[in-house]
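Data block below; observations after.
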Amino acid sequence: MADSKIKVSRQRSKAGGLTAVANAMRHAIGKAGPVRGGKALLNTNQADGFDCPGCAWPEAEKRSIAEFCENGAKAVADEATTSKITPAFFERYSLEELRSKSGKWLNAQGRLCHPMVLREGDTHYSAISWDEAYDL
Numbered sequence: 061m062a063d064s065k066i067k068v069s070r071q072r073s074k075a076g077g078l079t080a081v082a083n084a085m086r087h088a089i090g091k092a093g094p095v096r097g098g099k100a101l102l103n104t105n106q107a108d109g110f111d112c113p114g115c116a117w118p119e120a121e122k123r124s125i126a127e128f129c130e131n132g133a134k135a136v137a138d139e140a141t142t143s144k145i146t147p148a149f150f151e152r153y154s155l156e157e158l159r160s161k162s163g164k165w166l167n168a169q170g171r172l173c174h175p176m177v178l179r180e181g182d183t184h185y186s187a188i189s190w191d192e193a194y195d196l
């Protein structure tokens, strides 16, 4: 029988517990700070919180304080980041340069905090006002 070659041994590491929660907090604090990151994780997959942006975690009737996995914590930390991309970023990098960057690199730069537009024939995004953005 094929199962006879299976060897059962002690686990080498844990996939959950306090170590996993501490690791998740490390990601959140590193990107969003202790208050913002902690608050975001405590609201992940909670009844009056928000759904994890990383997956379709099933919603249990009784929820624990840590209703997320490590990848979910990373996704929440990314969304809660305090890093911001300003118009100066787009003055520095052309569209061609941005296309050559990895998704991970682009994500690590932060979140947009100003409306931008790429006009026909331009090589760089340009800053515009919110009124202009709403009119597009």
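83 is the number that the working numbering gives to position 23 of the sequence shown; each next residue is one higher, with no gaps.
C-beta: ideal position from N, C-alpha, C; glycine also.
All figures in this text were calculated on a predicted structure; none of them were measured in a lab.
Item: With H, G and I counted as helix, E and B as strand and the rest as coil, what does DSSP make of Ile89?; Value: helix
Item: Would you call the CB atoms of Arg179 and Lys144 closer than 9 Å?; Value: no
Item: What are the boundary residues of the alpha helix (DSSP H) that Asn105 is part of?; Value: First-last for Asn105: undefined, no H or E at that position.
Item: Which ranges would you report for the beta strand (DSSP E) in the stretch 140 to 189 if only whole runs of at least 3 residues count?; Value: none
Item: Could you tell me which of Gly97, Tyr185, Arg72, Asp138 sits nearest to Lys164, measuring between CA atoms?; Value: Asp138
Item: Between Arg86 and Ile66, what straight-line distance do the alpha-carbon atoms span, to the nearest angstrom?; Value: 36 Å
Item: Can you tell me which of the three DSSP states Arg72 falls into?; Value: coil
Item: Which of the three DSSP states, helix, strand or coil, is assigned to Pro113?; Value: coil
Item: Note down, in chain order, each residue of its chain lying with its Cβ closer than 7 Å to the Cβ of Asn167, except the 5 sequence neighbours on either side.; Value: Asp138
Item: Are Ala267 and Ala116 close, meaning C-beta to C-beta below 9 Å?; Value: This structure does not reach residue 267, given that the chain is present from 61 up to 196, and the question cannot be answered.
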